[in-house]
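Asker: Just passing along the structure, written as structure tokens.
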Amino acid sequence: MTRTPLRPLARILAARRAGENPDAIERENLRARHEADRDAARQRAEGRLLVLGISFLCAFAMVALKISLLAASDPAEPRAAVSGAQIVAARADITDRNGRILATNLTTHSLYAQPQQMVDPIRAAKELVQVFPDLDEDRLIRQFTGKRKFIWIKRRISPEQQQAVFDIGDPGLLFGPREMRLYPNGRLAAHVLGGAGFGREGVSSAEVIGVAGIEKALDAELRDPGRGDVPLTLSLDLTVQAAVERVLEGGMRLMNAKGAAAVLMDIHTGEVISLASLPDFDPNDRPVPLTEGDPGDSPLFNRAVQGVYELGSTFKIFAAAQGIEERLVSRSTMIDITGPLTWGRHRIRDFRNYGKELTVEDVIVKSSNIGTARIAMMIGPDRQQEFLSNLGLFAPTPLELLEAPGARPLLPKKWSEIHTMTVSYGHGISASPLHLAAAYSSLLNGCLAVTPTLLKREEYTPGPRVVSEDTSRQAREMLRLVVSRGTASLGDVQGYRVGGKTGTADKARPQGGYYEDKVIATFATVFPADDPAYVLVVTLDEPVETSGKEPRRTAGWTAVPVAAEVIRRIAPLLGLAPAVEPVDQVGVTLASN
Amino acid sequence: MKSVFYVLTALAVMGLAVWAYRQNYETQARLREVRELRAEIADLRERASVLRAEWAYLNRPERLTDLADLNFDRLGLLPLRPDHFGSIDQIAYPVENAVEVMERGVSE
Numbered sequence: 008m009t010r011t012p013l014r015p016l017a018r019i020l021a022a023r024r025a026g027e028n029p030d031a032i033e034r035e036n037l038r039a040r041h042e043a044d045r046d047a048a049r050q051r052a053e054g055r056l057l058v059l060g061i062s063f064l065c066a067f068a069m070v071a072l073k074i075s076l077l078a079a080s081d082p083a084e085p086r087a088a089v090s091g092a093q094i095v096a097a098r099a100d101i102t103d104r105n106g107r108i109l110a111t112n113l114t115t116h117s118l119y120a121q122p123q124q125m126v127d128p129i130r131a132a133k134e135l136v137q138v139f140p141d142l143d144e145d146r147l148i149r150q151f152t153g154k155r156k157f158i159w160i161k162r163r164i165s166p167e168q169q170q171a172v173f174d175i176g177d178p179g180l181l182f183g184p185r186e187m188r189l190y191p192n193g194r195l196a197a198h199v200l201g202g203a204g205f206g207r208e209g210v211s212s213a214e215v216i217g218v219a220g221i222e223k224a225l226d227a228e229l230r231d232p233g234r235g236d237v238p239l240t241l242s243l244d245l246t247v248q249a250a251v252e253r254v255l256e257g258g259m260r261l262m263n264a265k266g267a268a269a270v271l272m273d274i275h276t277g278e279v280i281s282l283a284s285l286p287d288f289d290p291n292d293r294p295v296p297l298t299e300g301d302p303g304d305s306p307l308f309n310r311a312v313q314g315v316y317e318l319g320s321t322f323k324i325f326a327a328a329q330g331i332e333e334r335l336v337s338r339s340t341m342i343d344i345t346g347p348l349t350w351g352r353h354r355i356r357d358f359r360n361y362g363k364e365l366t367v368e369d370v371i372v373k374s375s376n377i378g379t380a381r382i383a384m385m386i387g388p389d390r391q392q393e394f395l396s397n398l399g400l401f402a403p404t405p406l407e408l409l410e411a412p413g414a415r416p417l418l419p420k421k422w423s424e425i426h427t428m429t430v431s432y433g434h435g436i437s438a439s440p441l442h443l444a445a446a447y448s449s450l451l452n453g454c455l456a457v458t459p460t461l462l463k464r465e466e467y468t469p470g471p472r473v474v475s476e477d478t479s480r481q482a483r484e485m486l487r488l489v490v491s492r493g494t495a496s497l498g499d500v501q502g503y504r505v506g507g508k509t510g511t512a513d514k515a516r517p518q519g520g521y522y523e524d525k526v527i528a529t530f531a532t533v534f535p536a537d538d539p540a541y542v543l544v545v546t547l548d549e550p551v552e553t554s555g556k557e558p559r560r561t562a563g564w565t566a567v568p569v570a571a572e573v574i575r576r577i578a579p580l581l582g583l584a585p586a587v588e589p590v591d592q593v594g595v596t597l598a599s600n
Numbered sequence: 635m636k637s638v639f640y641v642l643t644a645l646a647v648m649g650l651a652v653w654a655y656r657q658n659y660e661t662q663a664r665l666r667e668v669r670e671l672r673a674e675i676a677d678l679r680e681r682a683s684v685l686r687a688e689w690a691y692l693n694r695p696e697r698l699t700d701l702a703d704l705n706f707d708r709l710g711l712l713p714l715r716p717d718h719f720g721s722i723d724q725i726a727y728p729v730e731n732a733v734e735v736m737e738r739g740v741s742e
């Protein structure tokens, strides 16, 4: 850059000649130079500002881009996956109350074929039949040589079978990863777990969905991806469940019964500790439902939850407890039991003639239908219905099983006086063993209503009060007397103060009326009676005890000994130590000094 | 002076380029490592779940009952019965402790 001089000689000389001040020229030039400098500086500054602005813009754009990327992308969590395809172990495990696994997932493979990639379809089909004998060779050959481009061969195969198919070495035989539901304990708690199957299927993955039981009822919860690795903890106790099923199965064989059910419930929280129904099935290989005949005969039928039966005399304690609660009777009130009691064309009889009158206590102990019916008449139909409804006997149980909401108790259509009488001793009303267990829990736990549940409860909220604490205690004492000197004398287990009520109901014919020689025998117990902890209901379907001269079918001979053996086995497992029964302090006056 | 500055700048640019190049490859290596570790975690998780399932299968009550029956002569295992409970006063007082206590009493 050439600098123009401040005092150019030519102009100075010319100005001197003209008599002007040459300094004016210098000042003017100086001013022009300053202006030029200022313009250049301004331009540079503007340029710098622009660059700075662009770089800030870029930086902020980067930040914004990164933020939007982070916001839009899904969080990646490493989960069980097979190489090649991403299969997510999405279904949560199911464990018992102590964390032992009842249901979990296992990765296996499915086998499919793409015939257009096959080298030798005929040989492949022949070899496949060697590996899987249940496949039809002709059909496979027809499929492999036909027009189809994709054929499912097996839904689930074992690693050994996979290796055998690998050894065939045909490129058209392909494997897709499959998540499968495994129930490691086999038949244990089969009716609770239900089973699982495949939903929508693709080559690289398939949906595992519950088909019955708790798998279906809580399907959405089990599949919730937000659950992570947290298993679903049930209230069941694996060890107790196994013991109950074992004893119940032995009892069912001994008593020649065609089915059996047992419900063990924590009397305070309503948690179901064990729920068994026989015959059972293997949830790993769920049998197909019966298409004809009585669905109640299928092993899939859950007798403890789905089966609504007339549970017979086990209901008598409800009438007696309500009578005491409403101060209509006391335990020592004499009740007239001369029979038969007639109402219209109905006649109510007792199993045996117990004389003219009995105390309320003995009506329960000896199980008198007439006596109970008379107490129920004192109460009246309206209050009886209200009481039974408070015990949850009028609605399906809220248990977390697919089958539970369908098990609605069968009630008389019009509740007349005769129904009040028959319902008081458990006829004309049908409920499931689970209903009975929940009702006994509500009545006997010191009187707070319980809600049966299959999920482990860390803390529970007590339900509304059903009866007073005193009535609850008196009901337990009466039930204890039934076992110590009444119809359930075989049910006494030393050290565990078992109290309970037997119930034998004739089975209803599907066409109407009742069978002569088919009964449902039920024993509902509470133990220990003085400090209640558990309620156990054992039901046998069509039991016959044949050790005596005549076949015996009453619950006292069939369900009671089975229940006693169940209690003998499970009470120690539940951590209950045997204790000596506290003696009544009748006639002893406590005095000090 | 100026040329030194230019040379230094050029060297700095080259140095930064080398650094960025190495960073780039190191990042990619780390990413690959993360991917591998994730795959390994997933593999191990799957193996753990298989082992858990196997453990549950081997410990199923049915099998344990059968094993207890088979090995009854050696183990003598029976189902827990109510009479298996004992009370605390059925247990003898440990003798070793008594000796220790006595010795301590002497030394004091």
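Taken in order, these protein sequences are the chains called V and L. Counting the first sequence from 1 gives a position; my numbering is that position plus 7. Counting the second sequence from 1 gives a position; my numbering is that position plus 634. Backbone N, C-alpha and C fix where the C-beta goes; we use that ideal spot for every residue, glycine too.
#1: Measuring alpha carbon to alpha carbon, tell me which residue in L698/L, L678/L, D717/L and R656/L is nearest L709/L.
#2: Specify, as a first and last residue, the run of the alpha helix (DSSP H) that N360/V falls within.
#3: Helix, strand or coil for T240/V, going by three-state DSSP, please let me know.
#4: Over the uninterrupted alpha helix (DSSP H) stretch that includes G257/V, give me the two end residues.
#5: Secondary structure at T478/V, three-state DSSP: helix, strand or coil?
#6: Kindly list, in the order they appear in chain V, the residues whose Cβ is closer than 7 Å to that of V684/L.
#7: Using a Cβ-Cβ cutoff of less than 8 Å, which residues in the same chain neighbour L450/V once the five nearest sequence positions on both sides are dropped?
#8: Please check if any C-beta of chain L sits within less than 8 Å of the C-beta of I32/V.
#9: Going along chain L, which residues have a C-beta under 7 Å from P191/V?
#10: Identify the residues that DSSP records as bridge partners of V136/V: which are they?
#11: Can we say the segment 137-154 of chain V touches the segment 184-199 of chain V, given the rule of at least three CB pairs closer than 8 Å?
#12: Span of the alpha helix (DSSP H) holding P29/V?
#13: So is F706/L in contact with chain V if we call contact Cβ pairs under 8 Å?
#14: What are the boundary residues of the beta strand (DSSP E) that G330/V is part of?
#15: Under a three-way DSSP split, which group does V545/V fall into?
#16: Whose CA, out of A566/V, K514/V and P416/V, lies closest to the CA of S496/V?
#17: DSSP puts I342/V in a beta bridge; with which residues?
#18: Under DSSP, the beta strand (DSSP E) around W350/V begins and ends at which residues?
#19: What residues in its chain sit with their C-beta under 6 Å from that of T276/V, if we drop five residues either side in the sequence?
#20: Starting from the C-beta of K420/V, find all residues in its chain whose C-beta is less than 6 Å away, skip the five residues before and the five after it, and write them out in chain order.
#21: Tell me, which residues are paired with A445/V by DSSP?
#22: Starting from G220/V, follow the alpha helix (DSSP H) in both directions and report where the run begins and ends.
#23: Pull out every residue of the segment 558-583 of chain V whose Cβ sits closer than 8 Å to any Cβ of chain L, in chain order.
#24: Give me the Cα-Cα distance between I280/V and P517/V, rounded to the nearest whole angstrom.
#25: Using DSSP with H/G/I as helix, E/B as strand and the rest coil, what is Y467/V?
#26: Helix, strand or coil: which one does DSSP assign to A654/L?
#27: Pop quiz: G378/V and L365/V are said to be a contact at Cβ under 8 Å. What is the actual Cβ separation, rounded to whole angstroms?
#28: Residues of the segment 496-509 of chain V with a CB closer than 8 Å to any CB of chain L: list them in chain order, please.
#29: Return the chain-ordered ranges of every beta strand (DSSP E) run that is complete within the segment 365-438 of chain V and spans a minimum of 3 residues.
#30: Counting only Cβ-Cβ distances shorter than 7 Å, please list the residues of the segment 519-543 of chain V near chain C, keeping chain order.
#31: If we ignore side chains and look at the alpha-carbon of each, how far apart do L56/V and V641/L end up?
#32: Please classify R185/V as buried or exposed, where buried requires at least 16 neighbouring CB atoms within 10 angstroms.
#33: Roughly how many angstroms separate the alpha carbons of T321/V and S448/V, rounded to a whole number?
#34: If I measure Cβ to Cβ from G201/V and keep anything under 7 Å in the same chain, skipping five residues before and after, which residues do I get?
#35: Excluding five sequence neighbours on each side, which residues of the same chain lie with their C-beta closer than 6 Å to the C-beta of R207/V?
Answerer: Quick answer:
#1: By one-based count along the second sequence, residue 709/L stands at place 75. Per the Cα distances, L698/L.
#2: Within the first sequence, residue 360/V is the residue found at index 353, counting from 1. Here N360/V belongs to no alpha helix (DSSP H), and DSSP marks it neither H nor E.
#3: Your numbering for residue 240/V matches position 233 in the first sequence. T240/V falls in the strand class under three-state DSSP.
#4: In the first sequence, residue 257/V corresponds to position 250, counting from 1. Counting along the chain, the unbroken alpha helix (DSSP H) around G257/V starts and ends at L245 to L261.
#5: What you label residue 478/V is simply residue 471 of the first sequence in a count that begins at 1. Reduced to three states, the DSSP call for T478/V is helix.
#6: Taking the second sequence and counting its residues from 1, the one referred to as residue 684/L is at position 50. Near V684/L (Cβ distances below 7 Å), the residues of chain V are L113.
#7: By 1-based counting over the first sequence, the position of residue 450/V is 443. Spatial neighbours of L450/V in its own chain (CB-CB distance under 8 Å, excluding positions within 5 residues in sequence) are listed in chain order as I324, F325, A328, L398, V473, V474, S479 and A482.
#8: By 1-based counting over the first sequence, the position of residue 32/V is 25. No, no contact with chain L.
#9: Sequence index remark: in the first sequence, residue 191/V carries index 184 (1-based). What P191/V touches in chain L: A687, A690, Y691 and R694.
#10: Within the first sequence, residue 136/V is the residue found at index 129, counting from 1. Paired residues: none, contrary to the question.
#11: Counting Cβ pairs under 8 Å, fewer than three are found: no touch.
#12: For the purposes of this step, residue 29/V is identified with residue 22 of the first sequence, where counting begins at 1. DSSP places P29/V inside the alpha helix (DSSP H), whose first and last residues are P29 to A79.
#13: Position 72 of the second sequence holds residue 706/L. Not an interface residue.
#14: For this step, residue 330/V is matched to residue 323 along the first sequence. Where G330/V is concerned, there is no enclosing beta strand (DSSP E), although the alpha helix (DSSP H) around it starts and stops at K323 to E332.
#15: Residue mapping note: residue 545/V aligns to position 538 of the first sequence, counting from 1. V545/V: strand per DSSP, three-state reduction.
#16: The residue given as residue 496/V occupies position 489 in the first sequence. It is A566/V whose Cα lies nearest to the Cα of S496/V.
#17: By one-based count along the first sequence, residue 342/V stands at place 335. For I342/V, the beta-bridge partners assigned by DSSP are L365/V.
#18: Taking the first sequence and counting its residues from 1, the one referred to as residue 350/V is at position 343. Counting along the chain, the beta strand (DSSP E) containing W350/V begins and ends at L348 to W350.
#19: Within the first sequence, residue 276/V is the residue found at index 269, counting from 1. Same-chain partners within the cutoff: R464 and Y467.
#20: Residue numbering aside, residue 420/V sits at position 413 when the first sequence is read from its first letter. Within the same chain, no Cβ atom closer than 6 Å to the Cβ of K420/V is found once the five residues on either side in sequence are excluded.
#21: Here residue 445/V corresponds to residue number 438 of the first sequence, with the count starting at 1. Paired residue(s): none; A445/V is not in a bridge.
#22: On the first sequence, position 213 is the one that residue 220/V refers to. Here the alpha helix (DSSP H) through G220/V covers G220 to A224.
#23: Against chain L - using a Cβ distance shorter than 8 Å - the residues of the segment 558-583 of chain V are R575, R576, A578, P579 and L580.
#24: By one-based count along the first sequence, residue 280/V stands at place 273. By one-based count along the first sequence, residue 517/V stands at place 510. So the alpha carbons of these two residues sit roughly 33 Å apart.
#25: Here residue 467/V refers to the residue found at position 460 when the first sequence is read from its first residue. Coil.
#26: As a first step, residue 654/L must be located in the second sequence, where it is residue number 20. Of the three classes helix, strand and coil, the one that applies to A654/L here is helix, per DSSP.
#27: Position 371 of the first sequence holds residue 378/V. Position 358 of the first sequence holds residue 365/V. Yes, they are in contact, since the Cβ atoms of G378/V and L365/V sit about 6 Å apart, within 8 Å.
#28: Residues passing the 8 Å Cβ filter: V500, Q501, G502 and Y503.
#29: None, since the segment 365-438 of chain V contains no complete beta strand (DSSP E) of that length.
#30: Annotation note: the requested chain C is absent from the structure, which comprises protein chains V and L.
#31: Within the first sequence, the letter at position 49 stands for residue 56/V. Within the second sequence, the letter at position 7 stands for residue 641/L. Taken atom to atom, the span from the alpha-carbon of L56/V to that of V641/L is near 27 Å.
#32: As a working note, residue 185/V is residue 178 in the first sequence. Residue environment analysis places R185/V among the buried positions, since at least 16 neighbouring C-beta atoms fall within 10 angstroms of its C-beta.
#33: On the first sequence, position 314 is the one that residue 321/V refers to. On the first sequence, position 441 is the one that residue 448/V refers to. Spanning the alpha carbons of T321/V and S448/V requires a straight line of approximately 13 Å.
#34: For the purposes of this step, residue 201/V is taken as the residue at position 194 of the first sequence. The residues are G217, V218, A219, G220, I221, E222, K223, P290 and L409.
#35: As a working mapping, residue 207/V is identified with position 200 in the first sequence. Counting only Cβ-Cβ distances below 6 Å, and skipping sequence neighbours, we find E214.
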